[in-house]
Structure formats: C-alpha cells, structure tokens
C-alpha cells in the first residue's frame with residue numbers, strides 16, 4: 001500500500017473511532033483507535049515499520065509543542081519543584097530500583113535489559129494522560145503536576161533507556177559517560193528550544209511590522225515551529241528534541257503574548273483552529289499506529305516455545321504493578337515530606353493511588369522500545385528483545401485500561417473540562433467568596449442565553465419578517481431541546497418543560513394521524529403519499545421515546561420503510577413533480593391540524609400557575625416550529641425575494657446574537673458564571689456571528 005493511500009486509511013480509522021466513541025462515551029477513544037489499528041494489521045494486512053526518529057518528529061513533537069504552548073505558565077512555575085521531582089528523580093528511581101526488581105522477578109532478562117525496560121516505562125505519556133484526564137475530574141494540583149511531568153520526563157527516561165541499550169549492545173557501561181550524555185542532551189535541548197523559539201517569533205514579528213505577514217504565513221510558521229526545533233536539536237546539536245520542543249513552545253508562547261498586538265485577530269483564530277484539527281488527527285493517528293504495530297511486535301513472543309503466552313502476559317502485568325507501586329510509594333513519600341515540613345498537610349493514600357493511576361504509558365514508550373536492535377556489536381542476538389517489546393505493549397494497554405476504569409471509581413467524579421485549555425481555564429473563580437461563586441454551569445448558561453435570543457427575535461417580529469423569525473427561532477429551539485435533554489441526563493433533574501413539550505407533541509401527533517386518514521378517505525392524496533406521511537409520523541413517534549438512540553429498532557425500521565417508499569415513488573407511473581406537490585399539500589394539512597390541536601388543548605388549561613405558563617411557552621415554541629415547516633413546503637421564492645430574505649435573516653440574526661452577548665455580560669457581572677465560562681460563551685457567540693457574516697461583502 002502506498003504511503004498516501006495508507007495515510008488516508010489511517011485517517012479514516014481515526015474518523016471511525018470518533019463515531020464509535022460518540023455512542024460509547026464510557027470507553028476512551030484511544031482504546032477504540034488501538035483496536036482499529038490492530039484490525040487493520042491483522043485483517044487488512046497493513047504493516048508499518050516504525051522509525052523512532054521520524055515518529056517522534058512528525059507526531060510527538062507537534063503534540064508536545066501544542067501542550068507546552070497551552071499549559072498554564074503560572075502553574076508550571078508554581079509547581080516546578082514537584083514537576084521536576086517526578087520528571088527527573090522519580091524516573092531515575094523507577095529505572096534503577098524498578099530495573100533490579102524486574103531482573104529479580106524475570107530472570108530471562110539480563111540486568112542491563114531490565115534497566116532499559118524500566119527506563120522506557122518510567123515516563124508518563126502526555127497523549128495518554130490527556131486522553132484520561134479529559135474524562136475524570138482530578139485534583140487541580142495533581143492534574144498540573146502530571147501534565148507538566150509528562151512534558152519533561154521523556155528526556156530523562158529516553159536518555160536512561162538509550163544508555164542501558166548501549167551498555168547491552170557494546171557490553172560496557174561507564175557512569176561518567178552516561179551522566180555527561182544526560183547533562184548535554186538536557187542543557188543543549190533547553191538552550192536550542194529557547195533560541196530557535198525566540199528566533200522564529202522574532203522573525204514572524206519582524207515580517208509583521210513591515211505589513212508583509214498574512215493569515216497563511218502566520219499559520220504555516222506556527223505549525224512548522226516544532227518540526228524545526230526538533231530537527232535542529234536532534235541532528236546538528238545531538239540534544240533531546242523533546243526537551244527542545246517543550247522549552248521552545250513555552251518560550252514562543254511567552255513572546256507571542258507580549259507581541260500579540262502585532263497579529264490580526266483572524267490570524268490568531270485561524271492558527272488556533274488549525275492546531276486543534278492537527279493535534280486531534282495526530283493524537284488519533286498515534287494510537288491507530290500503535291494498534292498497527294502491535295501484531296508484528298507481539299508475533300515473535302507468542303510463537304516462542306520457551307515462554308508460554310500466559311507466562312509472558314503475567315510478566316507484563318507484574319511489571320505494570322512494579323511501576324505502579326513505585327509511583328504510589330513515591331507520591332506517599334512526597335506527602336510525608338510535606339507533612340513533616342507543614343503540619344497542616346494530611347497524608348492521603350487515596351491521592352497516592354490517583355497519582356499512580358495517572359501514570360499511564362503510551363506510544364512514546366512503544367516507539368522507543370521498537371528501536372531495540374536485533375543484534376549486538378558482536379553479532380549476537382539481543383537477549384530478551386521480543387519479551388521486552390511484549391511486556392511494554394502489555395503495560396501500555398493495561399495502564400490505559402486500568403486508569404480508564406479505576407480513576408472514575410476512585411475519584412467518584414467525571415468531568416468534561418479540558419485541562420489543556422489556555423491559562424485561566426478553571427471551573428470556578430477561587431478568588432470569590434463561597435456565596436458569590438458561579439452557580440450556573442456552562443450548559444445552564446447557554447440554555448438561558450438561547451432563550452434570551454429567542455425572546456429578542458419575538459420582540460422584533462412583524463408581518464414582513466414573520467417567516468424568517470420562525471426559521472431562526474426553530475433553529476434555536478432545536479439547540480434548546482438538546483441542551484435541556486443533556487442537562488436532564490447529566491444532573492438527573494425532573495424537566496417540566498420537556499414533559500410539557502412531549503405532552504403537546506403527542507396531542508399534535510394524534511391530530512395529524514386523524515387528518516391523514518381523512519385526506520385519504522376524501523381522495524385528496526394517493527396511497528403512496530399516505531404511506532410516506534404515515535412513515536413520517538411513525539418516525540416522530542419513535543423519536544418521542546428514543547430521541548438519542550440512533551440504532552433504536554423503530555428508527556432502523558423507519559429508515560428501511562422510507563427507502564422502500566422512495567423507490568416506490570421513483571417507480572410510480574405518476575410524475576415525480578405531481579407526487580411531490582401532493583406530499584407537500586399533505587404535510588401542510590397535517591401541520592395545520594397539529595397547530596389547531598395544540599391551540600385547542602392550551603385553551604382548555606385555565607389559570608396562571610407556573611406549570612400552565614410553561615405549557616403555554618412550550619406550545620408557542622412548538623407552533624413556531626410547525627409554521628416554519630409549513631413555509632418550507634411552499635413554492636420557491638423569486639431571486640429578489642431570496643435576496644430580501646437573506647438581508648432580513650442577517651439583520652435578525654445579528655440582533656439576536658447581540659442580545660445573547662449582552663446577557664452573557666450580565667451573567668458575568670452578576671457572578672452567575674465564572675470567567676472561563678463567560679469566555680467560552682462569548683467565543684460560541686462570536687463563531688456564530690462569523691458564520692453569519694462569512695462570504696458577505698455588502699455595501
């Protein structure tokens with residue numbers, strides 16, 4: 001398979017994993033991606049020879065750069081001591097102590113090979129950490145420590161790994177050479193990252209001052225930056241490219257914030273979205289590639305008659321337990337040390353367990369372990385190579401699975417907060433007193449804001465713009481229903497509005513069925529049209545009970561029936577245009593019957609209680625949706641009418657968005673929402689406004 005075809009297949013695998021994860025959100029998407037890669041290798045015959053150098057540069061370097069760019073710099077500096085303790089000393093302790101334990105418990109591995117295995121398993125993987133932490137609410141400090149650690153510890157682990165591998169291959173080991181090599185790769189990597197990062201930002205700003213920079217130039221420069229830094233550090237400098245990328249990302253971000261006024265808002269927004277797409281695809285490709293490389297990497301050990309498969313699997317689980325235990329004990333030792341210095345500190349075994357579970361391993365480990373040579377300098381086989389690869393694969397997958405299963409159980413909380421968001425992305429304003437803290441979640445605030453936009457549209461409705469107002473309100477009502485359903489599921493609260501909405505839809509559905517039968521009796525429609533409309537009503541009825549289950553039996557049956565009806569219409573002797581006109585007529589009549597039934601039902605509800613007000617509001621919302629659907633079935637407007645509709649639609653949409661923006665500011669000033677929530681809500685409104693204005697160049 002050619003490289004271009006292979007990349008297309010891998011990206012399709014990433015897209016498929018995203019779809020599957022949508023319906024099975026409890027399982028991390030990374031596990032689906034590994035399985036898809038494994039199937040591509042075993043069933044599809046896909047084979048990729050992973051070279052650690054290009055893998056690190058093309059995949060790991062840009063992701064580390066993005067994480068370091070977005071990581072809160074204040075937290076990085078504030079927690080520098082625990083981050084460096086974990087990133088350097090914990091890695092060295094795990095390498096030395098863990099290596100000796102592995103050699104003692106797995107005698108098939110020589111001591112140098114055991115040290116190399118412990119070294120390559122010691123650093124946490126930033127991509128795997130990100131995949132887990134997006135789903136589980138972790139303590140804020142622990143979250144930042146684990147994230148910062150994963151950005152730095154690769155250099156320590158990989159240098160230790162390479163040193164141990166060279167000792168096996170060459171048959172000699174010099175401590176002084178190892179220490180000097182480690183010091184050079186670290187210091188040279190830091191200096192290279194700072195210099196190259198500052199140089200590229202200076203070059204970009206210099207070009208911008210002369211007015212020569214555009215959106216494409218800025219975006220391309222930003223995307224190329226991690227690749228340039230990594231290549232310069234690894235090849236001319238023979239330093240750690242990963243350390244250089246991290247320090248370069250931090251340096252570039254600091255300088256970028258100081259000269260942000262030189263950049264256009266468009267350039268910044270385009271660059272941010274380009275990075276979001278790039279990082280999402282790269283993250284997915286990494287785990288798919290991991291799945292692709294597993295069958296070939298595991299083949300030899302599974303075919304080895306000297307070690308049974310169960311014994312090899314037990315070795316893998318044992319090594320994971322050693323690495324996990326060392327991390328838990330290290331966390332406990334840190335807590336005890338803090339307890340001795342600060343009497344107020346409390347030693348928490350639960351916190352240590354959480355710290356151990358967050359130490360997941362990932363593709364950096366697999367990419368490194370696959371580079372172990374087959375033979376030594378003397379031409380002898382590298383003893384234990386296949387077993388090391390198998391154990392590393394077991395540890396990577398098992399650590400990811402255990403963290404996914406156990407972290408929600410241990411913490412008893414899940415979250416949708418993305419800790420990789422820019423600085424200031426906190427859930428609550430900690431500086432505020434308890435009684436003044438934000439009490440509205442982002443989804444709750446969005447629901448309020450959407451209703452304000454709907455009310456703003458209702459306030460400007462008149463005879464000329466009624467149809468467009470109904471269209472815009474209908475769009476917002478769909479979002480309101482989604483948000484309301486989501487809040488109801490997440491918070492397990494009784495939703496009276498949704499209950500009344502369902503009640504009214506059932507009333508309307510019954511009236512539509514009666515009207516459809518009357519149309520057939522009066523011979524206003526043919527059996528084909530009756531069948532099509534009956535299937536449409538079946539779908540509405542199915543959605544009332546299973547609104548979110550795409551694979552519900554009723555919905556699948558309806559899809560098959562609708563396909564059959566379409567084929568019947570296509571094969572019918574009647575002209576398609578006449579059949580379509582008849583279908584539109586039936587749709588209008590049914591919707592009118594639904595509106596009449598809703599109005600009659602509401603008129604019977606006398607009084608002004610809260611429930612009755614909710615009922616009237618939901619009735620109005622549903623009638624607006626029905627009226628908009630009626631307008632859609634009418635004749636196509638003329639070109640001039642379409643131009644006028646576009647003009648009104650633009651004006652009305654901007655008025656509604658301005659009302660939503662003003663209300664967002666009110667919520668923030670009243671301290672009903674946090675600072676980050678207000679930023680997120682404004683961003684959504686700005687994106688909606690940009691979408692409305694895209695492509696318009698009116699005088």
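Residue numbers (the UniProt record's numbering): 1 to 699.
Note that beta-carbon positions come from the ideal geometry of N, C-alpha and C, so glycine has one too.
Within the model, the alpha-carbon separation for residue 360 versus residue 368 is close to 16 angstroms. Listed in chain order, the beta strand (DSSP E) runs fully inside the region 243-287 amount to none, counting runs of at least 3 residues. By the Cβ-count criterion, residue 618 is buried, with 16 or more other Cβ atoms from all chains shown falling within 10 Å of its own Cβ. The C-beta distance from residue 320 to residue 398 rounds to 5 angstroms, short enough to fall under 8 angstroms.
Scanning the region 492-530 for uninterrupted alpha helix (DSSP H) segments of 4 residues or longer gives 496-521, listed from N- to C-terminal end.
Shown here, residue 375 sits in a strand according to DSSP, grouped into three states.
Fully contained in the region 590-636 is no beta strand (DSSP E) run of length 3 or more. In the DSSP annotation of this structure, the continuous segment of the alpha helix (DSSP H) that includes residue 217 starts and ends at 215-234.
Nearest to residue 293 by C-alpha distance, out of 651, 41, 353, is 41. Residue ranges of uninterrupted beta strand (DSSP E) with 3 or more members are absent from the region 46-131; none lies entirely inside it. Within the same chain, 356 come within 6 angstroms of residue 324 by CB-CB distance, once the 5 residues on both sides are set aside. Secondary structure at residue 31: helix, using DSSP grouped into helix, strand and coil. Between residue 354 and residue 410 the beta-carbon gap is near 6 angstroms, inside 8 angstroms, which marks them as a contact. Taking C-beta atoms as the reference points, residue 229 and residue 196 count as a pair closer than 8 angstroms. Between the region 452-467 and the region 654-664 there are three or more inter-stretch CB-CB distances shorter than 8 angstroms, so the stretches are counted as touching.
Residue environment for residue 379: exposed (fewer than 16 other C-beta atoms within 10 angstroms of its C-beta). Between the alpha carbons of residue 112 and residue 47 lies a gap of roughly 30 angstroms. DSSP places residue 671 in no alpha helix (DSSP H); its state is neither H nor E. Considering only 88, 623, 163, 613, the residue with the shortest C-alpha distance to residue 595 is 623.
Note on geometry: alpha-carbon atoms of residue 661 and residue 483 lie some 18 angstroms from one another. Between the region 635-649 and the region 520-536 there are fewer than three C-beta pairs closer than 8 angstroms, too few to call the two in contact. Residue nearest to residue 650 within the set 239, 188, 457, 30 is 457 (criterion: CA-CA distance). Excluding its 5 nearest sequence neighbours in each direction, residue 225 has C-beta neighbours in its own chain below 6 angstroms: 200, listed in chain order.
Burial state of residue 349 is exposed, judged by a 10 Å Cβ sphere holding fewer than 16 other Cβ atoms. Beta-bridge partners assigned by DSSP to residue 381: 375.
Burial is judged here by how many other beta carbons sit within 10 angstroms of a residue's own beta carbon; residue 177 has fewer than 16 and is exposed. Per DSSP, residue 309 is one residue of the alpha helix (DSSP H) stretching across 309-341. Short of 7 angstroms from the beta carbon of residue 393, and not among the five residues preceding or following it, lie these beta carbons of its own chain, in chain order: 294, 297, 298, 366.
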